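Below is one structure, written out as structure tokens, with a few remarks after it.
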Amino acid sequence: MFLVVAAVSSLLAAIVFVTISLLAKHHALASTRKIPGPRPNIISGNALQLPSLPNDLLKLILQWGRQFHGGILCLWLGPMYPLVLIYKPELVEIILHSSKHMTKSSDYWFLHPWLGTGKTSCFSDGSKWKTRRRLITPTFHFKILNNFIQVFEEQAAILVTHLEKHAKKGPFNVMPYITHCALDIICISSMDSSPNAQGDANSPYVNAVLRMTELIQMRQRSPWLWPDIVYYLTPSGREHNQCLKILHGFTNKVIDERIADRAAKKNNPQAEEKEEEEEEKEEHEFKRKKRLAFLDLLLEAYDNGEISREGVREEVDTFMFEGHDTTAAEQRPDTMAVEDLKELRYLECVVKEALRMFPSVPFFARMTTEDCQLDGYLAPKGTAVTVSPVILHRNPDVWPAPLEFNPDRFLPENSQRRHPYAYVSFLSRTKELYRSAICYVRRETCPGSRIAQF
């Protein structure tokens with residue numbers, strides 16, 4: 001009898017606790033419901049209105065951005081999960097300029113099984129993000145990235161070879177070719193190991209990267225798939241785990257091989273000295289500088305006890321996520337140099353204008369760590385606030401004729417009076433982060449070298 005009473009009491013206490021929590025949540029969200037946006041369903045919110053295909057979803061978001069042109073709108077993924085989109089420079093500044101709202105929103109946690117919580121990860125907490133940043137950011141100085149220009153050049157040459165085969169046949173979709181080129185570049189830069197994405201379109205690793213991204217995006221906009229206990233029983237959940245094994249298997253294999261190689265060199269100083277002599281000879285004869293991949297720099301920190309083995313894997317996987325047989329340099333006397341890139345000033349305008357119209361990251365979210373006023377609307381603590389560069393960059397109040405491709409917008413005389421947060425091309429608000437650095441060098445080098453060809 002006592003056990004029955006205790007069980008009933010526990011059940012009633014749980015019901016009361018859940019009820020109070022839901023009422024408190026509902027009260028906190030009352031202010032959020034005042035933010036304009038498409039009318040939500042009482043149960044599913046706006047979730048069922050969101051198309052499954054990324055292009056269709058993007059078109060719908062742009063349509064809502066034009067409809068609710070005040071720079072802010074609210075979508076509901078279910079009855080209790082608001083997603084506040086902001087696309088007005090002044091509002092974007094409030095979120096990105098603040099050091100308080102650095103925590104990523106909870107929907108990024110669907111990436112956690114793949115990327116962990118690395119510094120470069122989109123969802124590492126503020127304290128870990130700062131710690132890893134202090135460790136990693138200095139390694140991505142432009143002087144280090146300069147050594148990878150040859151890699152960008154070599155992969156750009158392969159890309160152009162593929163494009164030339166199709167160019168004579170008429171219009172075609174270049175996206176798969178550019179994606180494969182980016183994957184090869186980022187793999188070589190991060191691990192000094194290429195999956196040969198441009199040479200083998202059926203590479204298991206390449207297919208796993210692309211498919212995993214699709215699966216995560218699909219889950220993010222499907223609230224009924226959020227609980228792990230449900231998701232991993234579905235076909236998508238099982239496919240997710242299969243992709244995860246391939247992705248982690250590739251990364252772990254490269255890391256283990258590199259650790260073993262470093263250990264062997266330490267145990268055999270003579271062999272290490274001989275290898276260094278050969279590298280110096282190669283540098284002298286072929287003008288080819290030794291480059292340190294991101295993984296090598298991480299393993300130095302690992303040897304010093306500054307990062308764990310799992311932390312190394314997290315950072316490499318995240319670097320791969322952030323980014324998505326070669327020709328020898330001595331055979332290509334027209335290889336781009338850093339000095340050449342500095343002279344291609346209008347090319348920078350072209351790249352920026354392309355990223356304005358088609359930003360590499362159309363949305364990224366922050367979690368408010370305290371109540372936040374956004375243009376007269378209150379976003380309570382714990383609200384997911386999503387910055388939408390794709391709408392921000394097409395705001396006619398900031399960008400006249402926003403659908404017109406006009407690189408002149410980014411000439412110095414035309415940029416001076418523009419709000420500093422009217423253009424957000426990368427996830428970070430700080431240009432010195434390595435992701436923007438390596439993307440900048442890659443995006444300048446690849447088109448620059450091809451322009452030189454013609």
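Quick note on the UniProt record's numbering: the sequence shown kicks off at 1 and runs consecutively. Where is the CB? At the ideal position from N, CA and C, for every residue including glycine. The structure displayed is predicted, hence computed values, not measured ones.
When Cβ pairs closer than 8 Å are counted between the two stretches, the region 74-84 is seen to touch the region 39-54, the count reaching three or more. Unbroken alpha helix (DSSP H) stretches of 4 residues or longer found wholly inside the region 28-89: 54-67, given in chain order. Rounded to whole angstroms, the Cβ separation of L58 and V390 is 7 Å, and the two are in contact under 8 Å.
Spatial neighbours of Q67 in its own chain (CB-CB distance under 7 Å, excluding positions within 5 residues in sequence) are not present.
Within the DSSP bridge table, the entry for F364 names V387 as partners.
Secondary structure of Y421 (DSSP, three-state): coil.
Assignment of Q220 by DSSP, reduced to helix, strand and coil, places it in the helix class. In the DSSP annotation of this structure, Y108 is not part of any alpha helix (DSSP H), being labelled neither H nor E.
In this structure, V312 and Y302 form a Cβ contact; the two beta carbons are roughly 5 Å apart against a cut-off of 8 Å.
Remark: C-beta atoms of L96 and V385 do not approach each other more closely than 8 Å. D256 and S190 have their C-alpha atoms some 15 Å from each other. If you ignore the 5 residues before and after S203, its C-beta comes within less than 8 Å of the C-beta of P195, N196, A197, all in its own chain and listed in chain order. With contacts defined as CB atoms closer than 8 Å, D397 and K381 fail to qualify as a contacting pair.
E353 places its beta carbon 8 Å or farther from that of G116. By the criterion of a C-beta distance shorter than 6 Å, R33 is surrounded by no residue of its chain, once the five residues flanking it on both sides are discounted. R417 counts as exposed, since fewer than 16 other C-beta atoms from the protein chains shown sit within 10 angstroms of its C-beta. The DSSP-derived three-state label of Q373 is strand. Within the same chain, and ignoring the five residues on either side of F405 in sequence, the residues whose Cβ sits closer than 7 Å to its Cβ are E353, M357.
Judged by their CB atoms, L225 and T234 are nearer to each other than the 8 Å cut-off. In the structure shown, A379 falls within a strand segment according to DSSP collapsed to helix, strand and coil.
Under the DSSP assignment, I307 falls outside any alpha helix (DSSP H); it carries neither an H nor an E label. Closest in alpha carbon position to H248, among P79, F321, L91, is F321. Rounded to whole angstroms, the Cβ separation of A208 and C243 is 4 Å, and the two are in contact under 8 Å. Judged by beta-carbon spacing, N241 lies beyond the 8 Å limit of Y231, meaning their Cβ atoms are not closer than that value. A check of alpha carbon separations from Y87 across F172, G71, L215 identifies G71 as the nearest. In the DSSP annotation of this structure, the continuous segment of the alpha helix (DSSP H) that includes R356 starts and ends at 345-357.
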